[in-house]
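J.:
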Amino acid sequence: MSASAAYAVVSPRPDRESFTITDLSAEFGVTPRALRFYEDEGLIAPERRGLVRIYSHRDRARLAWILRGKRVGFSLADIREMIDLYDLGDGRQTQRAVAIQRCRDRIAALEQQKHDLDAAINELTEFVGVLDGGPKKKE
28 MSASAAYAVV SPRPDRESFT ITDLSAEFGV TPRALRFYED EGLIAPERRG LVRIYSHRDR
88 ARLAWILRGK RVGFSLADIR EMIDLYDLGD GRQTQRAVAI QRCRDRIAAL EQQKHDLDAA
148 INELTEFVGV LDGGPKKKE
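This is the structure:
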């Protein structure tokens, strides 16, 4: 799976009842260590069978949310809040509304950063032009 495909809406897997750490690591292009970290942070909660972690469809869907959120710059706290809203029992209405607002806020922040970067690039380009076009030293 390509990196961009890992951030798309995760397709259902009716052919599977559960997933191993190796399965999810390969599917999403993350390390087992990353999955253990998300578990430690309480973002996913695989079942334990001895030392083996067994991931559910819910864990897989939450992992897709986590990776998508990280990719666009959300904090783990923001991601946790958005994915935990799934459990409210309101047909995901609150989750959708919060996610939409967070995404709109993130878009606005990124647009501002883009504007700031463009301004800095223009200023540096002009400065290089001044420096480059200034008086030349004789050798």
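Going by our numbering, the letters in the sequence shown line up with residues 28 to 166, in that order. The beta carbon of each residue, even a glycine, is placed where N, CA and C say it ideally should be.
Check Ile81 in the structure and name its three-state DSSP category.
T.: strand
J.: Applying the 10 Å Cβ sphere with the 16-neighbour rule, what's the burial state of Asp169?
T.: Shown here, the chain extends from 28 to 166; a query on residue 169 therefore has no answer.
J.: In whole angstroms, what is the alpha-carbon distance linking Arg95 and Leu144?
T.: 24 Å
J.: Inspect the beta-carbon positions of Arg40 and Leu70 and report whether they are closer than 8 Å.
T.: no
J.: Measure the beta-carbon distance from Ile48 to Leu62 and round it to whole angstroms, keeping in mind my assumption that it falls under 8 Å.
T.: 6 Å
J.: Between Leu112 and Val125, how many whole angstroms is the CB-CB distance? I'm expecting something under 8 Å.
T.: So it is a contact: roughly 6 Å between Cβ atoms.
J.: Between Ile48 and chain C, is any beta-carbon pair separated by less than 8 Å?
T.: Although the question refers to chain C, the structure presented lacks it and comprises just one protein chain.
J.: According to DSSP, simplified to helix, strand and coil, what is Glu138?
T.: helix
J.: Mind checking Asp114: buried by the 16 CB within 10 Å criterion, or exposed?
T.: exposed
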